[in-house]
Structure formats: C-alpha cells, structure tokens
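Shown next, in structure tokens, is the structure this report addresses.
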C-alpha cells in the first residue's frame, strides 16, 4: 500500500546504512571489539568541550522561550549574523545574515536547495564517485541525475566530462570537496576550470547553472591544505555546510546554506529557501543547536586525531599490498578493490568482520570506501584482519 | 530561476508566517506591549523545569558520542521503547519500539508519512477548516487535496461529506483533534462514524485508506476532556505527535510517528518511514532532544495557564458581541467574522494592532483564528482594542 518509489527504496536500501545496522548486530554477536566497522561517517572523537559549555551557558542564562521557541524559518538573526561574520573572517567573503539560512544539517540544506531550484525534468550533474543519496534527493524533486565522472587517477573534476554533460536543462552541479568517498580536495585550478565551463555554457544556453557545494568536510583538511571557497570563483554557488563532521554532532542535524548576493535571483532563492524549509516539514533548524553552534564558530575539528588514523591506515594497507588514495581531507580512504570487483571484495572483507562500503554505492565500481573516523585502536586491531584478507586474495604470501 | 512551484509559494506565502514576521516589525515600531500578536501557535509559557533538568543530566552524565551521534534513522531504540511504554500506560494500547519512528516535529512526521504513502495522483482528504500547510505537504508528493468540510455549527467531522469525498484514489484522511483552528475535540461518536465510513469504502473499493492523525494538541484538552486514541477505533491510523505545543518546544523539532502493527502493510510502512526520514534530509530527529523528551514523558502541558487565557478571551469577546466557539482543546479560538468577510475583519483588526488570522487561510472563510498561547496580560491589554473594533463594527454602541 506504500508508494512505488518508496517500495523501490525499501528493496534497494542504502548499503551504507544497512551495513551500519549489520555492524550493530555483528557487534552484539561477536563483541564490539571484534567487529571493525568502517562503514559510516559517524565521528568517533567527541565534540570539543566548548559544545557542552555552550549548552550549559544557554540553559543557565538564556530565556527558555527564546531558546526553545519559534523564530523565522531561516533561523535566528543573531545566529545567521554570527555565521556570516565568521565566514567573512575566515574566507574574505562579504556575507550578511541575509545570505544565510540555518538548516537541519547539510542533508536538510541540500533538499531545501533542490526544492527551491528544480522544476520536473531539470538535470543535476554529479561527479562520480558521489554520495549515493544525492540521487534520491534529486529524484524527490523530479530532477534527473546526470553524471560527469572525475578524472581517473587523481579524482579531480574533469572539465571536458563536465562540458559534455551540460545541456539546456542543466540546473545544478553538485560539488563535494573534501570529497566523500575519495578524500580528495578539489584544487583551485580544478575549480577555476569548472567555473570556466559553467560560465561558457550559461552564456551559450542563456541559463543559470548553480553549483550546490556540499561542504560537511570543509574543516577537515590535512597538512594545512586550503579548501578554496567556491563562491569566490563562481557566483552562482549555493554552499551547504554542516557541523556534523567538524564538531562531531551528526545526530543533532545542524548546518546552514549560503546564498551569495551575487547569485542570479539571489533574493528570490533566499525567500524561497526559507519557505522550502517550512513546507518540507523542517520548519527551522533545531533552535538550541543554532544557539550552541553560534558560540562555537571558532572551534576546530580534531584534525590531528584523524590524521593519526589516516597515516596508520594508509601505511598499514600499503604495506599489505592494497592500493589506497592518500586522503587530503575528510575521513574516508578510497581503496582499489583487489581483483577489481568491489562487491566481491566487500563481502570477503565482511567474512573477516571488516565492514567497508563498495564503490558501486557511490556510482563508481572497482573501489571501496573505508571510513576511518573510528578509534585508533580499531584500526590497529583490524590490521590482522586486513592481513588475512590480503593473504587470501594473494596480495601477499 | 527558481522552481515554478516555489515561485507560487513565495508569491502566496503563508499568511500566518507573514503575520508573525509583520508582528515583529510592528513590535519594533510601536513597542512589544502595544502589539497584540495572536497570529501564531508559539507557546508563551516556558517548558516544565524537567526539560532543563533532563538536558543537564544528559550533558553531565551521558557519553557525548552517544548523545550527539548517529543512531538508526528511526531513532534511539531506548527512546522509541520509552515512548511506546508511555503510550501504552496512558491509552491502553500495546505498541513496541517497532511501532515508533522519531521525527523532526509533527510537520516532519506528516511529510514522512505522505512520502511513504503517496503515489502521484493519490487523493488526500482534509476536513476544513484545516492547517494551511497540509495542502503544501500533499502537493510535495504530487498528491491531490480533496475537502470534506466539518459540520457547520459544531465543526465535528461530517460522515456524509466524508463518504462523498472518498474515491478509489483516496489514500489518506487528515485528522487533527484537538483542532487547529477551531479548538474542537472530535468526539468518540464522530471518530466511530468516520471509521465506519472508511471501513465501508475500503471494502467497496478494495483499497487501504489511512487516517493520518496530526496530534500536536493531544495533551491540551480542557475540563478533563478525553481525546480518543484513534488507532483503537480504526487500525489503518498513523499518528503524528509533537512536543512543540505540550512542552513548549516548538523550535526544537521533536516528535514521533506511531505505525500500529494492525495497519495494512505495517512493517513495510515502518521500514519505508525510516528511509523516508533519511532521503528527505531529516536523517533522524535531533539526537539530544530525543534523549531529553524520553526523560519527560510524564510531564504535563500547562493546561491551567491556557485555561485562564481561554476563559478570559472567551468572556471578553462574548461581552463585546463577538461570536466565538468555546475551545475544548488546543489554544486557538475560532471566531465568526462580524460582517462575514474574514479578510476585511482581519485587516480592520490590524489597524487596532490586533494580529489575527483570517479563516480563508484555513480553507474556511467567514471566521478568524485567535491564538491565545500568549501572556495573560496580552489578552487583558488587548481588550480595549477589541472593544474599539467592536464599536467600529457596530457590535456594541
């Protein structure tokens, strides 16, 4: 009796989420310490102490009606102002609260952006490998997903593939850097090249093509790498941020959209995004969380801890003969599936209680994603399992 | 460049939300105390002290990774179990956590339910007057809104109107009791009559028709009135609850769905609802709020305070010659527009700085809605304005 679309989604549920659930079942069976769950981007490091302090300050000092009450659907003005100022300080932008809409995480923000922009049949380009739910989001608004694969080897955007993918029906391009699942940061050169293609095609077709920049990993960049702020290179950019990963708050669902004044129809998009937030049932981003993050805008992600994991895993896997891409950001490692079949590899790994997601779930077979936002000890303890797997696969003897 | 649907929504934005924003502007201009804002259901009484205590207990004693982390999209199992047990104690039901999906408020829950159930072209019946965003929610899933007006006079559901409205394409019926905007509680007799019609039509057409019961006001009933638990009268019922109104937490976006085991395709609906929660971008209900409300399940709404407002407003308006419906629940008063035109009346009221919403916004012209979830003093201070308005309209001389 349910909708046909949902029936298909139930039958073909997210491999990542299914694996996450399976991991919990396996942990009960074999013991938590004997299951190496690298399936999901659930940070294993606690939020910075400032988060708890902000909660306590707000609960003890602010008016409860203000803290837990309705505000404009776009969010508290004071919070939006603080977010804009913080972005301006860090990235040399010039946003005001009128460019910011608080959202229920980045997933909420992406849905608001798509609801705001898409007419049925509009095309949205993604650059495989890509986060699998992008497709579900796009289809929710009767959009059409079009792919323009990244370059083999370095997984940077491919301007020529992008040019070929754009049609008069192209409404948006999803960009996700640092990237889930590859860990690659799109270089300034890549972004300039993308922007050139988009500007050329906008002129050619007389259309507006928006970059929807999904940035939950912006603040997770290693070795001091810069993550270019895309609005500075391409005005028709809508940024979707989330504190889920940077401050370890994935359950709280708090993020924001940036709609720059330079974007085509900026004011209309802003007004529509506020209304979309309401009519999609979000109403507003959770109120106390808005106030909490506004007090923690200068807090840093625990990049040092993730960096230890990154090196440990990369060195461990490389030593065992696996071919991994060294991540520049985020907390995912993208590893070639020995033998070439990512599903076969992922299933074999599961026999060793290693939960890793096949690249097919990211529209990119032949690789797997290993989420290393886990305890360091999990990586250490998993190495004998990776070793046994490597031996079974003939990578080492 | 935005979507055509959103363009229409921007042009024809929610009168309630527009009035809420206008009230804030007027408050700045004339002073908060000189504007009588009865526009929105934003509770003016703080949450019970147990809410703050629950926050503090959780922040001080629970593992932060658990408090702020991902869980199953349907919500923490312990929270869902606690919700089910609480419902069973209060209403004699027999739910388990497998019947409960935690949601981003009732608006989130309604959207998840509709996404789960509707195929394009499916019909959803509402019983005017009704909350205006129901129409926007239904259209988001390409559903068709069909109306079956309540009975003139007592605003109870009209079984004959319902029978006429049902077709083979009917997928759902929205029920909202205590009702926004009328304050009426649907009687057990009304619910039995509705259930009879639905059962008869299900048999006739060989279909499943679901009641989607929107229950944010369930715990706001005056004079000890009972609000019948609809799953006990009609198995194909999905309940959408929210703590927004009962515990004064509207900004926090926390509620749940009940999907009874007796409903047709219950397990499939449950599975799909969890996935819909994810793909619509909610991911899960805000994590710390799930844990907070689970510790406050026995807390009561501040019904005594609302009751004082209810009597004060009803007596005040009646004395001035207005025809109001005495609310049985919720915190809205439904008042006949003197002269018959609700928009004219609402505009005249605005000249007296009285913000009240025309019934047209609820698909029911000729009445207005006065949200009395305000400070008692606001009602007292508004009376001279209502009096001047009554005089202007010739209700009194």
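Residue numbers (my numbering), protein chains in the order written: chain A, 1 to 397; chain B, 398 to 794.
Glycine residues also receive a C-beta, built at the ideal position from the N, C-alpha and C atoms.
These numbers come from a predicted model, not from an experiment.
Requested in this report: Could you spell out the range, first to last residue, of the beta strand (DSSP E) harbouring residue 214 of chain A?
Outcome: By one-based count along the first chain, residue 214 of chain A stands at place 214. It spans 210-214 - the beta strand (DSSP E) in which residue 214 of chain A sits, taken as one unbroken run.
Query raised in the report: Nearest-angstrom Cα distance between residue 194 of chain A and residue 213 of chain A?
Result: Taking the first chain and counting its residues from 1, one reaches residue 194 of chain A at position 194. Taking the first chain and counting its residues from 1, one reaches residue 213 of chain A at position 213. The alpha-carbon atoms of residue 194 of chain A and residue 213 of chain A are separated by roughly 13 Å.
Query raised in the report: In angstroms, rounded to a whole number, what distance separates the CA positions of residue 175 of chain A and residue 226 of chain A?
Result: In the first chain, the residue the question calls residue 175 of chain A occupies position 175. In the first chain, the residue the question calls residue 226 of chain A occupies position 226. Looking at the two C-alpha atoms, the distance is approximately 16 Å.
Report task. Using a Cβ-Cβ cut-off of less than 9 Å, list which residues of the region 399-417 of chain B approach chain A; keep chain order. Result -> 399, 400, 401, 402, 403, 404, 406, 407, 410, 411, 414 and 417
Query raised in the report: Using a Cβ-Cβ distance under 9 Å, would residue 356 of chain A count as near chain B?
Result: Against the first chain, residue 356 of chain A aligns to sequence position 356. Chain B, which has no Cβ nearer than 9 Å to the Cβ of residue 356 of chain A, makes this no.
Report task. Flag this pair as yes or no: are the beta carbons of residue 51 of chain A and residue 298 of chain A separated by less than 9 Å? Result -> Numbered from its first residue, the first chain carries residue 51 of chain A at position 51. Numbered from its first residue, the first chain carries residue 298 of chain A at position 298. For residue 51 of chain A and residue 298 of chain A, no; Cβs fall outside 9 Å.
Query raised in the report: In the DSSP assignment, what are the bridge partners of residue 240 of chain A?
Result: Looking up residue 240 of chain A in the first chain gives position 240. Answer by DSSP bridge pairing, in chain order: A/214 and A/257.
Query raised in the report: Got a sec? Which residues, its chain only, sit under 7 Å from residue 632 of chain B by beta carbon, not counting five neighbours each side?
Result: Taking the first residue of the second chain as 1, we reach residue 632 of chain B at position 235. Counting only Cβ-Cβ distances below 7 Å, and skipping sequence neighbours, we find 657, 659 and 660.
**Report entry** Span separating the alpha-carbon of residue 777 of chain B from that of residue 472 of chain B
**Finding:** Indexing the second chain from 1 puts residue 777 of chain B at position 380. Indexing the second chain from 1 puts residue 472 of chain B at position 75. Rounded to the nearest angstrom, the two C-alpha atoms are 43 Å apart.
Requested in this report: Would you list, in sequence order, the uninterrupted beta strand (DSSP E) runs of no fewer than 3 residues that lie entirely inside the region 495-526 of chain B?
Outcome: 497-500 and 520-523
Report task. Return the residue from the list A/239, A/218, A/294 and A/384 that minimises the CA-CA distance to residue 302 of chain A. Result -> Taking the first chain and counting its residues from 1, one reaches residue 302 of chain A at position 302. Of A/239, A/218, A/294 and A/384, the residue nearest in Cα terms is A/218.
Query - Any chain A beta carbon closer than 9 Å to residue 800 of chain B - result: In the structure as shown, chain B begins at 398 and stops at 794. Residue 800 of chain B is therefore absent and cannot be evaluated.
Query raised in the report: Using a C-beta cutoff of 9 Å, does residue 286 of chain A count as contacting chain B?
Result: Along the first chain, one-based indexing puts residue 286 of chain A at 286. Closer than 9 Å: yes.
Query - Selection from B/752, B/784 and B/781 that minimises the alpha carbon distance to residue 769 of chain B - result: On the second chain, position 372 is the one that residue 769 of chain B refers to. Nearest of B/752, B/784 and B/781 to residue 769 of chain B, Cα basis: B/752.
Query raised in the report: Does the beta carbon of residue 725 of chain B sit closer than 9 Å to a beta carbon anywhere in chain A?
Result: On the second chain, position 328 is the one that residue 725 of chain B refers to. It does not: the Cβ of residue 725 of chain B has no partner Cβ on chain A nearer than 9 Å.
Requested in this report: Per DSSP, which residues does residue 37 of chain A bridge with? Please list them.
Outcome: On the first chain, residue 37 of chain A is found 37 positions in, with the first residue counted as 1. BP columns for residue 37 of chain A point to A/355.
Requested in this report: Check whether the Cβ atoms of residue 429 of chain A and residue 335 of chain A sit closer than 9 Å, and answer yes or no.
Outcome: Limits of chain A in this structure are 1 at one end and 397 at the other, which puts residue 429 of chain A out of reach.
Query raised in the report: So with Cβ pairs under 9 Å, would you call residue 361 of chain A a contact of chain B?
Result: Residue numbering aside, residue 361 of chain A sits at position 361 when the first chain is read from its first letter. Not closer than 9 Å to any Cβ of chain B, the Cβ of residue 361 of chain A fails to qualify, so no.
Query raised in the report: Identify the residues that DSSP records as bridge partners of residue 766 of chain B: which are they?
Result: One-based indexing of the second chain puts residue 766 of chain B at position 369. Answer by DSSP bridge pairing, in chain order: B/731 and B/754.
**Report entry** Cutoff 9 Å: residue 352 of chain A Cβ touching any chain B Cβ
**Finding:** Stepping through the first chain from its first residue, residue 352 of chain A is reached at position 352. Taking Cβ atoms only, chain B never reaches closer than 9 Å to residue 352 of chain A, which makes this a no.
Query raised in the report: When Cβ atoms are compared, which residues of the region 721-746 of chain B fall closer than 7 Å to chain A?
Result: none
Query raised in the report: Quick one: is residue 612 of chain B buried, meaning 16 or more other Cβ sit within 10 Å of its Cβ, or exposed?
Result: Numbered from 1 along the second chain, position 215 holds the residue referred to as residue 612 of chain B. Buried, because 16 or more other Cβ atoms sit within 10 Å of the Cβ of residue 612 of chain B.
Report task. Measure the alpha-carbon distance for residue 199 of chain A versus residue 111 of chain A and round it to whole angstroms. Result -> Residue 199 of chain A sits at position 199 when you count from the first residue of the first chain. Residue 111 of chain A sits at position 111 when you count from the first residue of the first chain. Near 24 Å, if we compare the C-alpha coordinates of residue 111 of chain A and residue 199 of chain A.
Requested in this report: Show which residues of chain B have a CB atom less than 9 Å away from the CB atom of residue 72 of chain A.
Outcome: Within the first chain, the letter at position 72 stands for residue 72 of chain A. Neighbours of residue 72 of chain A on chain B, chain order: 414, 417, 418 and 421.
Query raised in the report: Under the three-state reduction of DSSP, which class applies to residue 193 of chain A: helix, strand or coil?
Result: Position 193 of the first chain holds residue 193 of chain A. The answer is helix: DSSP assigns residue 193 of chain A an H, G or I state.
Query - Close Cβ partners of residue 434 of chain B (< 6 Å) along its chain, the five nearest in sequence each way excluded - result: Counted from its first residue, the second chain places residue 434 of chain B at position 37. Same-chain partners within the cutoff: 420 and 752.
Query raised in the report: Cβ atoms of residue 563 of chain B and residue 594 of chain B: under 9 Å apart, would you say?
Result: Translated into the one-based positions of the second chain, residue 594 of chain B becomes position 197. Translated into the one-based positions of the second chain, residue 563 of chain B becomes position 166. Contact: yes.
Query raised in the report: What is the DSSP secondary structure of residue 604 of chain B, counted as helix, strand or coil?
Result: Start at 1 with the first residue of the second chain, and residue 604 of chain B comes out as number 207. In the structure shown, residue 604 of chain B sits in coil (DSSP, three-state: anything other than H, G, I, E or B).
Report task. Could you tell me whether any Cβ in chain B is nearer than 9 Å to the Cβ of residue 137 of chain A? Result -> On the first chain, position 137 is the one that residue 137 of chain A refers to. Closer than 9 Å: yes.
Query raised in the report: Does the beta carbon of residue 439 of chain B come closer than 9 Å to any beta carbon on chain A?
Result: Against the second chain, residue 439 of chain B aligns to sequence position 42. Cβ-Cβ to chain A under 9 Å: yes for residue 439 of chain B.
Query - Cβ pair residue 704 of chain B, residue 619 of chain B closer than 9 Å - result: Within the second chain, numbered from 1, the residue matching residue 704 of chain B stands at position 307. Within the second chain, numbered from 1, the residue matching residue 619 of chain B stands at position 222. Yes. Within cutoff.
Query raised in the report: Could you check where the beta strand (DSSP E) with residue 480 of chain B kicks off and where it finishes?
Result: As a position in the second chain, residue 480 of chain B is number 83, starting the count at 1. First-last for residue 480 of chain B: 474-488, but that is the alpha helix (DSSP H), not the beta strand (DSSP E).
Requested in this report: Kindly list the residues whose CB is nearer than 7 Å to the CB of residue 246 of chain A, restricted to its own chain and excluding five residues on each side of it in sequence; keep chain order.
Outcome: Position 246 of the first chain, counted from the first residue, corresponds to residue 246 of chain A. For residue 246 of chain A, where only same-chain residues beyond five positions count, the Cβ hits under 7 Å are 219, 220 and 301.
Query raised in the report: So is residue 8 of chain A buried or exposed if we call it buried at 16+ other beta carbons inside 10 Å?
Result: To locate residue 8 of chain A, count along the first chain from 1; it is residue 8. Counting Cβ neighbours within 10 Å, residue 8 of chain A comes out exposed, since fewer than 16 surround it.
**Report entry** Through-space distance from residue 576 of chain B to residue 730 of chain B, alpha-carbon basis
**Finding:** Indexing the second chain from 1 puts residue 730 of chain B at position 333. Indexing the second chain from 1 puts residue 576 of chain B at position 179. Between residue 730 of chain B and residue 576 of chain B, the C-alpha separation is close to 10 Å.
Report task. Under 8 Å by Cβ, that's how I've got residue 6 of chain A and residue 512 of chain B pegged, so tell me the actual separation to the nearest angstrom. Result -> As a first step, residue 6 of chain A must be located in the first chain, where it is residue number 6. As a first step, residue 512 of chain B must be located in the second chain, where it is residue number 115. Yes, residue 6 of chain A and residue 512 of chain B are in contact; Cβ-Cβ is about 7 Å, under 8 Å.
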